[in-house]
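Chemist: End of the sequence shown sits at 627 in my numbering; the numbers just go up one at a time, nothing left out. Dropping a structure here in structure tokens format, bear with me for questions.
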Amino acid sequence: MKRDVIIVGGGVIGCTIAWRLAQQGLKVAVFERGRIGREASRAAAGMLTPQGEAAGPSPFLDLCLRSRAMYRSFAHELKEASGIDIEYKDEGTLFVVLSGEDEAQRMNWAKWQAGAGLSVEHVSASELRKLEPDVTESATRAIFLPDEHQVENRRLMDALAVAIKLAGVEVVEGSEVSSLSFERDRVTGVYSSGDLIAAGAVIIAAGSWSSRLLEPPGVKVQIIPARGQMLAVRGSSVSPPVRVLHSSKVYLVPRRDGRILIGATVEYAGFNKAVTVQGIEYLLAAALELMPSLRECEIVETWSGLRPDTEDHLPVLGPSGIENLWLATGHFRNGILLAPITANLMAESVSGNKQLDVLTPFGVHRFKGH
Ligand code: FAD
Ligand code: GLY
258 MKRDVIIVGG GVIGCTIAWR LAQQGLKVAV FERGRIGREA SRAAAGMLTP
308 QGEAAGPSPF LDLCLRSRAM YRSFAHELKE ASGIDIEYKD EGTLFVVLSG
358 EDEAQRMNWA KWQAGAGLSV EHVSASELRK LEPDVTESAT RAIFLPDEHQ
408 VENRRLMDAL AVAIKLAGVE VVEGSEVSSL SFERDRVTGV YSSGDLIAAG
458 AVIIAAGSWS SRLLEPPGVK VQIIPARGQM LAVRGSSVSP PVRVLHSSKV
508 YLVPRRDGRI LIGATVEYAG FNKAVTVQGI EYLLAAALEL MPSLRECEIV
558 ETWSGLRPDT EDHLPVLGPS GIENLWLATG HFRNGILLAP ITANLMAESV
608 SGNKQLDVLT PFGVHRFKGH
């Protein structure tokens, strides 16, 4: 049986694209070498923070903002489809300035955001104490971004796993794609466990591992793993922050179940997913600097994941330059946020076999060698 589309990789990107394509009536298979949603998409913090991560206006920020605007209804649609609530929380995000930090820099950052029409609110030290009483007294001010929200990304992946199966997607877990099959310079399918599985189109959404499939046919896209270590703490005598909190070194993400996530390192350590003493020491020191009461908490979990990064830290979306082969990878720090818009645009491109102008800044042609 020939599939219309095979997607390599069952992370948030592969699964959301599969969902949209199946909703258009296409016969779609997701090949996942392990289990759905167990890599970066599970390791993430689930923050939806285009403004928080932006240094200035750009097509990338526009893409992120479009995706952020889709999230509330995306969460609702997923709940309807799967019965799983992905815990969309809309309390906003506070960027706290600690004493000794460059206040002017943070103010300039807030200024260009306000100038770009984005919601930004200035919070004095005394207001901050009322909003988040456990933030360190050495905080001098904060910037509040009311539109920066979060989801519980583990529940997101559980919901997607249910939704795609109900939509008719064939989910092939425990099946690594070893290579692509070609006929006269066109991709005709994939090889897995020695079998050739034919498809009209193949989408590489294999996260940090994408280059392994792209190098042999000469697609010059380097996807670089960027390790992120995190931990979760909880304390019966500690009030979790109401909102997501950031300092310049760390973020704290309160979950509905009382856990507080502390993240995250960004390390270029190859495919090594170790959680290290140095990584956890750094995160704990930075978290305690921001919220000293966390000292009373117990550590309930540590983990790490590999963000799929690129040379310019932008995703790679659209045609690969080889007929029938498409790319949806390199989402680095924003793959959870970008999943809804990526899925819609990739589904439109692949099903219509067309290049979309909005994806041009994220095309493969920006890399040397193309
Ligand atoms: P993955 O989730 O890694 O999925 C790729 C899948 O492909 C894997 O399941 C893998 O097993 C499979 N695969 C690989 N090769 C093959 C093969 N040959 N055959 C079959 N299957 C294969 N983003 C946000 O938006 N907000 C956040 O707050 C946030 N926080 C983060 C915190 C941390 C610590 C980390 C690590 C990441 C964070 N991110 C966040 C980034 C986000 O997690 C990633 O951008 C996103 O998960 C990438 O999704 P993906 O589907 O491309 O990759
Ligand atoms: N976006 C948060 C992170 O990647 O750590």
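Every residue, glycine too, gets a C-beta built ideally from N, C-alpha and C.
Would Ala604 and Ile274 be called neighbours here (beta carbons separated by less than 8 Å)?
Modeler: Closer than 8 Å, so yes.
Chemist: Would DSSP call Pro597 helix, strand or coil?
Modeler: Note: Pro597 maps to helix in three-state DSSP.
Chemist: So the beta strand (DSSP E) Asp569 belongs to, where does it begin and stop?
Modeler: From DSSP, Asp569 is part of no beta strand (DSSP E); its letter is neither H nor E.
Chemist: Go to Glu334, then tell me how far its alpha helix (DSSP H) extends in each direction, as first and last residue.
Modeler: Element bounds for Glu334: Pro316 to Ser339.
Chemist: Cα-Cα, which of Val459, Ala297 and Pro498 is closest to Asn529?
Modeler: Ranking the options by Cα distance to Asn529, first place goes to Ala297.
Chemist: Can you confirm whether the segment 303-310 touches the segment 385-394 when touching is taken to mean that 3 or more C-beta pairs between the two stretches lie within less than 8 Å?
Modeler: No: the two stretches stay apart, fewer than three of their Cβ pairs being nearer than 8 Å.
Chemist: Ordered along the chain, which non-local residues of its own chain (more than five positions away) have a Cβ less than 6 Å from that of Leu595?
Modeler: So the list reads Ser324 and His588, once near-sequence residues are dropped.
Chemist: At a threshold of 7 Å, does Ile343 count as lining the ligand FAD (C-beta to nearest heavy atom)?
Modeler: No, since every heavy atom of the ligand FAD falls outside the 7 Å radius drawn around the Cβ of Ile343.
Chemist: Please state whether DSSP places Gln362 in a helix, a strand or coil.
Modeler: If DSSP states are grouped into helix, strand and coil, Gln362 belongs with the helices.
Chemist: So what's Ile270 in DSSP terms, helix, strand or just coil?
Modeler: If DSSP states are grouped into helix, strand and coil, Ile270 belongs with the helices.
Chemist: On a Cα-Cα basis, can you pick out the residue from Ser467, Leu385, Val408 and His406 that is closest to Ile400?
Modeler: Minimum Cα distance to Ile400 is reached at Leu385.
Chemist: Under the rule that 16 or more other beta-carbon atoms within 10 Å means buried, what is Thr567, buried or exposed?
Modeler: Buried, because 16 or more other Cβ atoms sit within 10 Å of the Cβ of Thr567.
Chemist: Going by other Cβ atoms of all chains shown within 10 Å of its Cβ, with 16 needed for buried, is Ser449 buried or exposed?
Modeler: Burial call: buried.
Chemist: Please report the distance separating the alpha-carbon of Tyr539 from that of Val573.
Modeler: Approximately 31 Å, taken between the alpha carbons.
Chemist: Please list the terminal residues of the continuous alpha helix (DSSP H) segment that includes Ile481.
Modeler: Note, Ile481: premise wrong, no alpha helix (DSSP H); beta strand (DSSP E) at Ile481 to Arg491.
Chemist: Going by the beta-carbon positions, is the gap between Val607 and Val426 smaller than 8 Å?
Modeler: In this structure, Val426 does not lie closer than 8 Å to Val607 by Cβ.
Chemist: Can you tell me whether Lys346 is buried or exposed, with buried defined as 16 or more other CB within 10 angstroms of its CB?
Modeler: Lys346 comes out buried.
Chemist: Please state the DSSP three-state secondary structure of Arg590.
Modeler: It is helical.
Chemist: Indicate the three-state DSSP secondary structure (helix, strand or coil) for Lys346 in the structure shown.
Modeler: In this structure, Lys346 counts as strand in the three-state DSSP scheme.
Chemist: First and last residue of the alpha helix (DSSP H) that includes Arg411?
Modeler: Element bounds for Arg411: Asn410 to Leu423.
Chemist: Mind checking which residues open and close the alpha helix (DSSP H) that includes Ile537?
Modeler: Here the alpha helix (DSSP H) through Ile537 covers Val534 to Leu547.
Chemist: Compute the distance between the beta-carbons of Leu375 and Gln280, then report whether it is under 8 Å.
Modeler: Contact: no.
Chemist: Residue ranges of each beta strand (DSSP E) run of no fewer than 3 residues wholly in the segment 431-483, ordered along the chain?
Modeler: Entirely contained in the segment 431-483, the beta strand (DSSP E) runs reaching 3 residues are, in chain order, 434-440, 443-449 and 452-461.
Chemist: Compute the Euclidean distance between the alpha carbons of Leu423 and Ala338, then round it to the nearest angstrom.
Modeler: Roughly 8 Å between the two C-alpha positions.
Chemist: Starting from Arg386, trace the alpha helix (DSSP H) both ways and give me its first and last residue.
Modeler: Its alpha helix (DSSP H) spans residues Ala382 to Leu388.
Chemist: Can you look up Pro403 in the DSSP assignment and give me helix, strand or coil?
Modeler: Of the three classes helix, strand and coil, the one that applies to Pro403 here is coil, per DSSP.
Chemist: Tell me which residue opens and which closes the beta strand (DSSP E) that Ala286 is part of.
Modeler: Start and end: Val285 to Glu289.
Chemist: Measuring alpha carbon to alpha carbon, tell me which residue in Pro403, Gln407 and Gly520 is nearest Arg329.
Modeler: The option with the nearest alpha carbon to Arg329 is Gln407.
Chemist: I need the boundaries of the alpha helix (DSSP H) containing Arg260, first residue and last residue.
Modeler: Note, Arg260: premise wrong, no alpha helix (DSSP H); beta strand (DSSP E) at Arg260 to Val265.
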